[in-house]
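**Student:** I have a structure here, written as structure tokens, and I will follow up with some questions on it.
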Amino acid sequence: MDKTKCVAALFDFDGVVMDTESQYSIFWNEVGKKYHPEYEEFGKIIKGQTLRQIYDRYFQGMEHEQAEITEGLNRFETEMRYEYVPGVAEFMQNLRAHGVKIAIVTSSNEKKMANVYAAHPELENMVDRILTAEMFQKSKPDPDCFLLGAKVFETLPANCVVFEDSFHGIQAGNAAGMPVVGLSTTNPAEAIQNQCARVIPDFTCFTYEEMMNLL
Numbered sequence: 000m001d002k003t004k005c006v007a008a009l010f011d012f013d014g015v016v017m018d019t020e021s022q023y024s025i026f027w028n029e030v031g032k033k034y035h036p037e038y039e040e041f042g043k044i045i046k047g048q049t050l051r052q053i054y055d056r057y058f059q060g061m062e063h064e065q066a067e068i069t070e071g072l073n074r075f076e077t078e079m080r081y082e083y084v085p086g087v088a089e090f091m092q093n094l095r096a097h098g099v100k101i102a103i104v105t106s107s108n109e110k111k112m113a114n115v116y117a118a119h120p121e122l123e124n125m126v127d128r129i130l131t132a133e134m135f136q137k138s139k140p141d142p143d144c145f146l147l148g149a150k151v152f153e154t155l156p157a158n159c160v161v162f163e164d165s166f167h168g169i170q171a172g173n174a175a176g177m178p179v180v181g182l183s184t185t186n187p188a189e190a191i192q193n194q195c196a197r198v199i200p201d202f203t204c205f206t207y208e209e210m211m212n213l214l
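See below:
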């Protein structure tokens, strides 16, 4: 860690800040049953990817189907419940008290995040930056989004800690050269522990001091 640079905490959104992944799994598993029945759990396969990435990989040339899915997803996201992962708000507050920069780094787009802000207008004031899918060309597992997180705070990857729940997100954090704290909100702890510096169920028992020990 370079002590002349700031420390940054980079949070994925779904499954890390908000406990929404189980809801998305229901939506995308239904999409999989309709369009890709060859996949048993389509929702798991696409976790951590942008909508554009999902379409390019699994619905290429299927413009009508893409439009149908987008319409359904937009409707679904307006009706979703957005509930904080336990302890995350208090943890962010503690980080800020110690001068840590905070960014949400998400594969979600601005349209989806507008629904979140409507439900939780305080969210934008809890963090320093919110980086959405429109802001980087390559999505997770590519490290671009997390490297952008370091760049906006004018710090180094070695000064950043990533908080992730999906396999793609964990891979992206590791590829960026940042220690990754895995949240076992989406995948079992034993499935992600070999890829993470630390695995936690939520933020109720995780502290600023423990995060700093990872740097």
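If you number the sequence shown the way numbering that gives the first Met the number 0 does, the last residue is 214 and the count never jumps. Built from N, CA and C at the ideal position, the CB exists for glycine as well. Here the structure is a predicted model, which means the values were calculated and not measured.
Does the contact criterion of 3 or more C-beta pairs under 8 Å hold for the stretch 56–69 versus the stretch 20–40?
**Tutor:** Result yes; three or more Cβ-Cβ pairs closer than 8 Å.
**Student:** Distance check for I101 and E189, CA to CA, integer angstroms please.
**Tutor:** So the two alpha carbons sit approximately 27 Å from each other.
**Student:** Can you tell me whether A175 is helix, strand or coil according to DSSP?
**Tutor:** Residue state, collapsed to three classes: coil.
**Student:** Within 8 Å, do at least three Cβ pairs link the stretch 178–189 to the stretch 12–25?
**Tutor:** Verdict: yes, contact present.
**Student:** Could you say if the stretch 72–90 and the stretch 142–151 meet the contact criterion of at least three C-beta pairs nearer than 8 Å?
**Tutor:** No, because fewer than three Cβ pairs between the stretch 72–90 and the stretch 142–151 fall closer than 8 Å, the two stretches do not touch.
**Student:** Between the alpha carbons of N158 and N28, how many angstroms are there, rounded?
**Tutor:** Each residue's Cα considered, the two are about 37 Å apart.
**Student:** With a threshold of 7 Å on Cβ separation, who are the neighbours of P142 within its own chain once the five nearest residues in sequence on each side are excluded?
**Tutor:** Closer than 7 Å at Cβ, skipping near neighbours: A171, A174, A175.
**Student:** Can you give me the start and stop residues for the alpha helix (DSSP H) that V30 sits inside?
**Tutor:** Segment 20–34, the alpha helix (DSSP H) holding V30.
**Student:** Taking only three categories from DSSP, how would you classify E40?
**Tutor:** Reduced to three states, the DSSP call for E40 is coil.
**Student:** What is the rounded straight-line gap between the Cα of S107 and the Cα of D164?
**Tutor:** Their backbone Cα atoms lie some 14 Å apart in a straight line.
**Student:** Under DSSP, the beta strand (DSSP E) around E163 begins and ends at which residues?
**Tutor:** Run containing E163: 159–163, per the beta strand (DSSP E) assignment.
**Student:** Can you give me the Cβ contacts of E76 inside the same chain, cut-off strictly under 6 Å, excluding the 5 residues immediately before and after it?
**Tutor:** K111, N114, listed in sequence order.
**Student:** Hey, would you say V179 sits closer than 7 Å to V198, going by beta carbons?
**Tutor:** Taking 7 Å as the Cβ cut-off, V179 and V198 do not qualify as a contacting pair.
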